[in-house]
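Following: one structure in structure tokens, then a few remarks.
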Amino acid sequence: MEIFRITRNAWGQETLEGISWDLLPVAFGLGIAFIVGHLVWRALRRRRGSGKGGQSPSSL
Amino acid sequence: MSSRGPATATARRDGDSPLITRHAPIDRVFHWITALAVLLLLASAFLPIVGFKFSWVPLHWITGLVLTAAVVFHLVRASFFQRLRCIWIRVRDFGDASAGRRAAKYTLAQKLMHAAMGTAVLVVTVTGVIMLAKVDTPLWKRDPYLLETSTWGVVYVLHGAAALLILMLTMTHIYFSLLPEKRAYLRAMIGGQMTRTEAAQFHDPNRWSGERKDDPRENHK
């Protein structure tokens, strides 16, 4: 997977074109992974909280 | 659903928990204009990359100008007309969060989100304004020789990296706003207000009352 888009100009010199768009699905996937991870963490905290008979505001 | 949901709803229905103002109308207008601009910019930037071909450049640069105006407005308002230190991340915030103590107006998570999103939007706005030099518009003619080729590459990298970060942050921001226990924040960003009961879940009433004149200044310095 490329990090940058690099092209060659007419003289064969490498030119930086920008960030690689291979990273677009990576960024999207990281966003989804964070959301899923937080949902799981939140569910575990709630289960543990209800087992102890309540939740503190900071546990939400 | 939050275990506090029903209790909060009852409190609102019975009117025994007064409403307090969290966001002034002008700040809500700024938020929703910025939100719409960011969504249009993300769509016009990334949809063509994933195969939805359309003439994205006019939509992108015009919306970019709207976002730039919104950012300038917010910088001036936050710097000179609001208590900037309300949103400042301090060492104390980490101690408060880890000890389970309630925050003043903004929680540590909200401050971190604001700092990350603010930085990314600033980078994308500054680089975007520079990149306007490469677009022909009715307002100006393009000048692709404004910068060296290698410098343009750095500008493009910064613009693209910040845009990818904004994509991730936008996804998580929308996710958090839809969580039942955070719904009061979404309502406050729409209507401006939340009940004292809702505010007291995460915010210490002695540090943020919803009435600016009543808040101790030391909590905002």
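Just so you know, the sequences run in chain order E and B.
Positions -11 to 48 (our numbering) are the ones given, in order, by the first sequence.
Positions 205 to 425 (our numbering) are the ones given, in order, by the second sequence.
All C-beta atoms in this analysis are idealised placements derived from N, C-alpha and C, irrespective of residue type, glycine included.
**Study point:** Within chain B, the residues that residue 15 of chain E reaches when beta carbons sit closer than 8 Å
**Key:** For this step, residue 15 of chain E is matched to residue 27 along the first sequence. Correct list: 368, 369, 371, 372.
Check your understanding: Just by C-beta distance, which residues in the stretch 325 to 348 of chain B are closer than 8 Å to chain E?
Key -> none
Exercise for review: With residue 402 of chain B as the anchor, note down where its alpha helix (DSSP H) starts and where it stops.
Suggested key: The residue given as residue 402 of chain B occupies position 198 in the second sequence. Segment 400 to 406, the alpha helix (DSSP H) holding residue 402 of chain B.
Practice item. Look up residue 425 of chain B in the DSSP assignment and say whether it is helix, strand or coil. Key: Taking the first residue of the second sequence as 1, we reach residue 425 of chain B at position 221. Model confidence at residue 425 of chain B stands at a pLDDT of 41, short of 50, so the residue's coordinates are unreliable; what they give is reported in the following sentence. Three-state DSSP puts residue 425 of chain B in coil, outside helix and strand.
Review point. What residue from E/9, E/25, E/29 has the CA that sits closest to residue -11 of chain E's CA?
Key: Locating residue -11 of chain E in the first sequence gives position 1, where the first residue counts as 1. When only C-alpha atoms are compared, the closest one is E/9.
Point to revise | Three-way DSSP call (helix, strand, coil) for residue 385 of chain B in this model | key: Within the second sequence, residue 385 of chain B is the residue found at index 181, counting from 1. Reduced to three states, the DSSP call for residue 385 of chain B is helix.
Point to revise | Rounded C-alpha distance that separates residue 42 of chain E from residue 405 of chain B | key: Position 54 of the first sequence, counted from the start, is the residue given in the question as residue 42 of chain E. Position 201 of the second sequence, counted from the start, is the residue given in the question as residue 405 of chain B. With a pLDDT of 45 at residue 42 of chain E, under the threshold of 50, the modelled position of that residue is not reliable, and no figure is offered here.
Review point. Helix, strand or coil: how does DSSP classify residue 32 of chain E here?
Key: What you label residue 32 of chain E is simply residue 44 of the first sequence in a count that begins at 1. Three-state DSSP puts residue 32 of chain E in a helix.
**Study point:** Cβ neighbours of residue 4 of chain E in the same chain (closer than 7 Å, five flanking residues each side left out)
**Key:** The count along the first sequence starts at 1 and reaches residue 4 of chain E at position 16. Around residue 4 of chain E: -8, -6.
Review point. For chain E, is any of its Cβ atoms less than 9 Å away from the one on residue 253 of chain B?
Key: Translated into positions along the second sequence, residue 253 of chain B becomes position 49. Output row for residue 253 of chain B: interface = yes.
**Study point:** Alpha-carbon spacing of residue 356 of chain B relative to residue 249 of chain B, whole angstroms
**Key:** For the purposes of this step, residue 356 of chain B is identified with residue 152 of the second sequence, where counting begins at 1. For the purposes of this step, residue 249 of chain B is identified with residue 45 of the second sequence, where counting begins at 1. So the two alpha carbons sit approximately 18 Å from each other.
Point to revise | chain B within 9 Å of residue 0 of chain E, Cβ atoms only | key: Looking up residue 0 of chain E in the first sequence gives position 12. No, residue 0 of chain E lies away from the interface with chain B (no Cβ there is under 9 Å from its Cβ).
Review point. What do you get for residue 343 of chain B, buried or exposed, if any count of 16 or more other CB atoms within 10 angstroms of its CB means buried?
Key: Counting from one through the second sequence, the residue named residue 343 of chain B turns up at place 139. The residue in question, residue 343 of chain B, is exposed, as its Cβ has fewer than 16 Cβ neighbours within 10 Å.
**Study point:** Given 8 Å, three or more beta-carbon pairs between the stretch 307 to 315 of chain B and the stretch 257 to 276 of chain B
**Key:** no
Exercise for review: Please check the pair residue 359 of chain B and residue 335 of chain B, which I expect to be a contact at CB under 8 Å, by giving their CB distance rounded to whole angstroms.
Suggested key: Residue mapping note: residue 359 of chain B aligns to position 155 of the second sequence, counting from 1. Residue mapping note: residue 335 of chain B aligns to position 131 of the second sequence, counting from 1. Their Cβ separation, rounded to whole angstroms, is 6 Å, which keeps residue 359 of chain B and residue 335 of chain B in contact under 8 Å.
Point to revise | Residue environment, residue 21 of chain E, which counts as buried when at least 16 other CB atoms sit within 10 Å | key: Here residue 21 of chain E refers to the residue found at position 33 of the first sequence. That one is exposed.
Check your understanding: Applying the criterion that 16 or more other CB atoms from any shown protein chain within 10 Å of the CB defines a buried residue, is residue 430 of chain B buried or exposed?
Key -> Residue 430 of chain B is absent from the model: chain B starts at 205 and stops at 425.
Check your understanding: Can you find a CB in chain B that lies within less than 9 Å of the CB of residue 30 of chain E?
Key -> For the purposes of this step, residue 30 of chain E is identified with residue 42 of the first sequence, where counting begins at 1. Yes, residue 30 of chain E lies at the interface with chain B (some Cβ there is under 9 Å from its Cβ).
Check your understanding: Along chain E, which residues have their Cβ under 7 Å away from the Cβ of residue 375 of chain B?
Key -> As a first step, residue 375 of chain B must be located in the second sequence, where it is residue number 171. Neighbours of residue 375 of chain B on chain E, chain order: 19, 23.
Review point. Contact between the stretch 253 to 270 of chain B and the stretch 237 to 244 of chain B: three or more CB pairs below 8 Å?
Key: yes
Practice item. Identify the contact partners of residue -10 of chain E in chain B, using a Cβ-Cβ distance below 9 Å as the criterion. Key: Walking along the first sequence from the start, residue -10 of chain E turns up at place 2. Here the premise fails: no neighbours, minimum Cβ distance about 12 Å.
Check your understanding: What are the start and end residues of the beta strand (DSSP E) that includes residue 285 of chain B?
Key -> To locate residue 285 of chain B, count along the second sequence from 1; it is residue 81. Per DSSP, residue 285 of chain B belongs to no beta strand (DSSP E) and is neither H nor E.
Review point. How is the beta strand (DSSP E) around residue 256 of chain B delimited, first residue to last?
Key: For the purposes of this step, residue 256 of chain B is taken as the residue at position 52 of the second sequence. Residue 256 of chain B -> no beta strand (DSSP E), and no H or E assigned at all.
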